[in-house]
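Some notes on the structure that comes next.
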Amino acid sequence: MTAPLPTPDDVMALLRGVIDPELGSDIVELGMARGAMVEPEGLVRVSIALTTAGCPLRAQIQSDVRARLLSLPGVERVKIDWGELSAEEKAAAMDRARRNIAERPETTAVPPTTKVLMVASGKGGVGKSSVTVNLAAAIAAEGHTVGVMDADIWGFSVPRMLGVEGRLEGDERSGRIRPNEVPVGRGTIRVVSMGFLVEEEGSALMWRGLVLNRAVQHFLEDVDWGRDLDYLLIDMPPGTGDVQMGLAKLLPRAEMLVVTTPALAAQKVAVRVVDMGRKNYLRIVGVVENMSSYVDDTGREHLIFGRGGGDALAAEAGVPLLGRIPIEPAVSEGGDSGRPVALGEGPAADAFRTVARHLIDEVVPPADLAGCSARLLDAMDAAVAAAEPRVSP
83 MTAPLPTPDD VMALLRGVID PELGSDIVEL GMARGAMVEP EGLVRVSIAL TTAGCPLRAQ
143 IQSDVRARLL SLPGVERVKI DWGELSAEEK AAAMDRARRN IAERPETTAV PPTTKVLMVA
203 SGKGGVGKSS VTVNLAAAIA AEGHTVGVMD ADIWGFSVPR MLGVEGRLEG DERSGRIRPN
263 EVPVGRGTIR VVSMGFLVEE EGSALMWRGL VLNRAVQHFL EDVDWGRDLD YLLIDMPPGT
323 GDVQMGLAKL LPRAEMLVVT TPALAAQKVA VRVVDMGRKN YLRIVGVVEN MSSYVDDTGR
383 EHLIFGRGGG DALAAEAGVP LLGRIPIEPA VSEGGDSGRP VALGEGPAAD AFRTVARHLI
443 DEVVPPADLA GCSARLLDAM DAAVAAAEPR VSP
């Protein structure tokens, strides 16, 4: 059976996750995404008008549009018909962007240019937190500023795995919480977790759904993540509950990476996470198979948890299998000691670094504003200021 095709409304809803990095709002709200057509053979045509025909961000917007739409079941090809906003449409788009910046009651403190990656799993015990921490470390080591938000409120483990200690403190100037920070290679990791708010790691949190949602919302709204944040990796709770759905609504431009093991039972549960993400119009960027196999000193491979779970999940979801992380004692030792294995040597370290580079280079490349010839909002503000009547002292 072939997957049912999305509707034009489905396409437009998914495009709300495509952010114009200069204006900081999604291309649907700005009027840049003008319409969509879905043809029977799986071709999706979208009409997009840029602020200027030679916009240096065109390639980035094109890549994001294609990646999101090709993640929809049944979509085989994407054709973009480019246009340019009229002077009136451009003024309306900038006005909308300015009002969003001024108002945004629902907005988070996460910069619009930050690439948000939710690391999710269908069940516990598949090593999702380990994957989150090691990918964060590997991405930071490449020279990026990476945030890690421990949204697994009940099962927080990120502080120990990263070797970060200390209570969270407020910043008097911004009135927001400062994440704990640790240098990693040429980059930096900023961490927020319930582990920094409890007296000891063994403390049990017996909170219900609404309280959990509010805690996660505080992490997004009240933390000063910094305007230079390249990536935010969110260690999601396992499953498809209140926190997961709340995060999807708070971060519509987020993308999801699904972790499973080779066991087919884990893969069948992980399919539900893919379904939840797509129902919330999140892009599923790929699958990581953790605890793939163990290779002993003689070079013999042992399939402790079976074979095929990652391939089966990737095939069913229609997304790439980004990597297989082997079973290696150094992974758990690194998590226990606060030294992620991705910063060391060995098969697991190599596998994590390969996935991280794939994410940086192809799957979710960081926003690059260096080629922008003009900052539209800044230019408009300067024009307004110049037009205001001056009062002589």
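In case it helps, the working numbering puts the sequence shown at residues 83 to 475.
Using N, Cα and C, we set each Cβ at its ideal position, and we do this for glycine too.
From a predicted model like this one, the values you see are computed outputs, not experimental measurements.
About 5 angstroms separates the Cβ atoms of G388 and A345, confirming a contact at the 8 angstroms cut-off. Scanning the region 180-251 from its first residue to its last, the whole beta strand (DSSP E) runs of 3-plus residues come out as 197-202, 227-232.
Look at V157 here: in three-state DSSP terms it is coil, with no helix or strand label. The distance from the Cβ of E415 to that of P429 is about 14 angstroms, inconsistent with a contact at the 8 angstroms cut-off.
Assignment of beta-bridge partners to V369 by DSSP yields V340, L403. For M276, the three-state secondary structure derived from DSSP is helix.
Contact between the region 388-404 and the region 421-428 is not established, with fewer than three Cβ pairs separated by less than 8 angstroms. In this structure, the beta-carbon distance from F278 to M231 does not fall below 9 angstroms. Within the same chain, and ignoring the five residues on either side of A218 in sequence, the residues whose Cβ sits closer than 6 angstroms to its Cβ are V228, V230, I271, L315. Taking all protein chains in view, the Cβ of E337 is crowded by 16 or more other Cβ atoms within 10 Å, so the residue is classified as buried. If you look at M358, you'll find it in the alpha helix (DSSP H) that goes 346-361. From the listed residues V370, G257, A95, T89, the smallest Cα separation to Y363 is found for A95. Looking at the backbone, the Cα of S145 and that of I366 are separated by about 15 angstroms. Only residues of its own chain outside the window of five on either side were considered, and among them D317, P319 have a CB closer than 6 angstroms to the CB of D234, listed in chain order. Boundaries of the alpha helix (DSSP H) harbouring L151: 140-152, taken from the DSSP string. Around the beta carbon of S203, a 10 Å sphere encloses 16 or more other beta carbons of the protein chains shown; the residue is thus reported as buried.
A distance below 9 angstroms separates the beta carbons of D92 and L154.
When the beta-carbon positions are compared, T133 and E104 come within less than 9 angstroms of each other.
DSSP lists no bridge partner for A330. Note: D163 is bridge-paired with S129 in the DSSP secondary-structure output. In the structure shown, the three-state DSSP call for E170 is helix. Selection A399, A347, D379 evaluated against K361 yields A399 as nearest (Cα-Cα). Comparing alpha-carbon positions, the option among V240, E371, E111, G207 lying closest to A179 turns out to be E111. With a cutoff of 9 angstroms on beta-carbon distance, P422 and N216 are scored as near each other. The beta carbon of S256 sits closer than 8 angstroms to those of D306, all from its chain and outside the five residues before and after it, given in chain order.
A Cβ-Cβ distance of about 6 angstroms is found for the pair V298 and V325, placing them in contact under the 8 angstroms criterion. About 7 angstroms separates the CB atoms of T190 and L333; that is less than 8 angstroms, so the two are in contact. If you draw a straight line from the Cα of Q142 to the Cα of Q349, it comes to about 32 angstroms. The region 156-173 and the region 373-389 do not touch, with fewer than 3 CB-CB distances between them shorter than 8 angstroms. Distances from the CA of V120 to each of C137, L139, A149, P86 were compared; the closest alpha carbon is that of P86. By the C-beta density criterion, D102 is buried, having at least 16 other C-beta atoms within 10 angstroms.
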